[in-house]
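Numbering-wise, the working numbering comes out as the position in the sequence shown, counting from 1, plus 475.
By construction, the Cβ of each residue, glycine as well, lies at the ideal position given by its N, Cα and C atoms.
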Amino acid sequence: MSYRAPVEEISYFLKTSTSLPELMAQGLVDLSFDVVDAVLDEAGKFAGSVVGPFDRVADKQGCTIKDGAVTTPDGMRATYEAWSEAGWSGVAAEEEFGGQNLPTSVTSALTEFWNSASPAFGICGVLTLGAVEALTAHGTAELQHTFLPKMVAGTWTGTMNLTEPQAGSDLAALRSKAVKQADGTYRIFGTKIFITYGEHDIADNIIHLVLARLPDAPAGTRGISLFVVPKFLVNEDGSLGARNDVVCAGIEHKLGLHGSPTCTMVFGEKGEGAIGYLVGEENRGLACMFTMMNNARLAVGVQGVAVAERATQRAFAFARDRKQGKAPGVEGSAPIIAHPDVKRMLLTMRAETDAARALCLKTADALDRSRLLPDPIARAAALAEASLLTPVAKAFSSDAGIEVSSIGVQVHGGMGYVEETGAAQHLRDARIFAIYEGTNGIQAIDLVTRKLPQEGGDVVTALIADYRETAEEVSALNAPDFGHAGARLAEAVDALARATRVMLDRVADEPAKALATATPYLRLYARAAGGAFLARTALAAYAERAGGATDPRLAARIAVARFFAENIAVEAKGLEEAVTGGAGGVLDAEAVMAIG
């Protein structure tokens, strides 16, 4: 089944539910929606016609390695070169380095398109963009001049090298070392695992960002430095020089994302050490890397949206064609989309996907405001909002990718379990999103221990007030189209407010209980916020219909928001109970821990 990018849906959300129109009106974004719509349309066409057809080939062939050289699936290099030559590699980068500097809300939409078409392909651009952002923020002028133009152009790609065999999510346990040389460079030694696109054949050079320790560095995360380590050294004239002392020792055989190589990288295998260049200050590398990681976390949430969207489109197409049994109001054998339980599954897929997209785009919108608003106080408030929403967007949206893909298999029935339909691949591909770039459990811990306490809880309190205002607007309409959406959404927001007060107290006084209930709290937050964001878009659609507009997509937006409020947001009550009363069941279960 071919992929159709949801260009109109994303454009409508950007116009009605983000600050992009206001930023344009103030001259802070030098764009019009005519341009934005044209960019989205062209990207959607490219994703559907060029990237999409390659995805099944990539999944079936996978990657191979021989003598340290990785071969990607047939067509990968040609697809990547076409993507780069079309200018898509530089949409988010600074104009100084050849980029287009588009708003994050727009580039996030493009990221969704590439990853819906092929997540194994799309993740390469995500990592390169993250490396570009880190070097732009923290690299010296010399490093930026050497590496950024080629990376922005797509001629070179980037990686993130954190994880080691003994240190997964615990960066304090990193052992890779860096030894300073007389010429100001460093020699890097160590092994990194799970390095996506650590070695490949689609670009001329690979620019690794590597965390390592200096010999006299403090223990823990305070003693980590960040280095640029290119696969090929770069001569003064910008040409490629000698091969650096970094090799790929193997690639992983994975559940999904077969088209992307996941590598074990060895730095200093020859004994000389790989030549690296310091990014930022010594022993301050984690702060530099977090520039890359935070944006990558939002991008992984977008990946979850992307695969959920592809799985939803496939399930709807199958349900319209597949005939089976009798359905109410249909004579003869009915297409399964007419069966109420299948309708429920399809609506769940659509509502979860749209809510996840809304969370990601609202997070991107907050990032845009944090960079573009002229008032420093307003920028700081937007950054605090983005910081709070990022773990929610990453965790909820990546979970949605898994859950929606699983429902998609169910809609297909037995055929969903068979690889030929493509439904199973979505589930396989999506499973990693909840794991990499910080597991979803870590996102929940980050939310409750670091982000909720911002400004004494004022940031989250203000956001909850916005969600409550939206619920009240829906209720005030008293419109049959919304059913009980206003009341159900208000109940979800109230549950979130009560649970938030409990969590703020626990972080200060009972941290173990806060950790034990962080995951249900994050899910509760997403249920309330996601419902509010969908309702905000539905309110705009309702206003258009009241003004005489007849586009059927307007009614669909209202129906999705209503379904989410009445069938999904109602989980908030149970999640609140898990947050407020479930910690004991976790912390007092040592008997179970002892026997498994």
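With 16 or more other Cβ atoms inside 10 Å of its own Cβ, residue 700 counts as buried. Straight-line measurement puts the Cα of residue 638 at about 17 Å from the Cα of residue 694. Residue environment analysis places residue 677 among the buried positions, since at least 16 neighbouring C-beta atoms fall within 10 angstroms of its C-beta. With a threshold of 16 other beta carbon atoms within 10 Å, residue 892 falls short and is exposed. Taking the C-beta atoms as reference points, residue 962 is found nearer than 9 Å to residue 950. Beta-bridge annotation (DSSP): residue 636 is paired with 685.
Under the DSSP assignment, residue 538 falls outside any alpha helix (DSSP H); it carries neither an H nor an E label. Unbroken alpha helix (DSSP H) runs of no fewer than 4 residues, entirely contained in the segment 921-1003, are found at 933-952, 960-984 and 986-991, following chain order. Between residue 633 and residue 675, the C-beta gap is not smaller than 9 Å, which leaves the two residues out of contact. When the Cα atoms are used, residue 618 and residue 745 turn out to be separated by approximately 25 Å. For residue 666, no alpha helix (DSSP H) encloses it; the enclosing beta strand (DSSP E) starts and ends at 661-671. A residue is called buried once 16 or more other Cβ atoms fall within 10 Å of its Cβ, and residue 728, having fewer, is exposed.
With fewer than 16 other beta carbons inside 10 angstroms of its own, residue 1061 counts as exposed. Classified as buried, residue 590 has 16 or more neighbouring CB atoms from the shown chains inside 10 Å of its CB. By the criterion of at least three beta-carbon pairs nearer than 8 Å, the segment 849-865 is not in contact with the segment 817-830.
Contact check for residue 672 against residue 1012 fails: the beta carbons are separated by 9 Å or more. Rounded to the nearest whole angstrom, the CA to CA distance from residue 759 to residue 698 is 7 Å. The distance from the Cβ of residue 784 to that of residue 587 is about 7 Å, consistent with a contact at the 8 Å cut-off. Secondary structure at residue 496: helix, using DSSP grouped into helix, strand and coil. Within the model, the alpha-carbon separation for residue 630 versus residue 1019 is close to 46 Å.
In the displayed model, residue 693 falls within coil according to three-state DSSP, outside both helix and strand.
When C-beta atoms of the segment 747-759 are compared with those of the segment 913-927, fewer than three pairs fall below 8 Å, so the two segments do not count as touching.
Between residue 834 and residue 1004, the CB-CB gap stays under 9 Å.
If you draw a straight line from the Cα of residue 972 to the Cα of residue 665, it is about 47 Å long.
Taking residue 598 as the centre and dropping the five residues before and after it, the same chain places the C-beta of 590, 671, 672, 732, 735 and 778 closer than 8 Å to its C-beta, in chain order.
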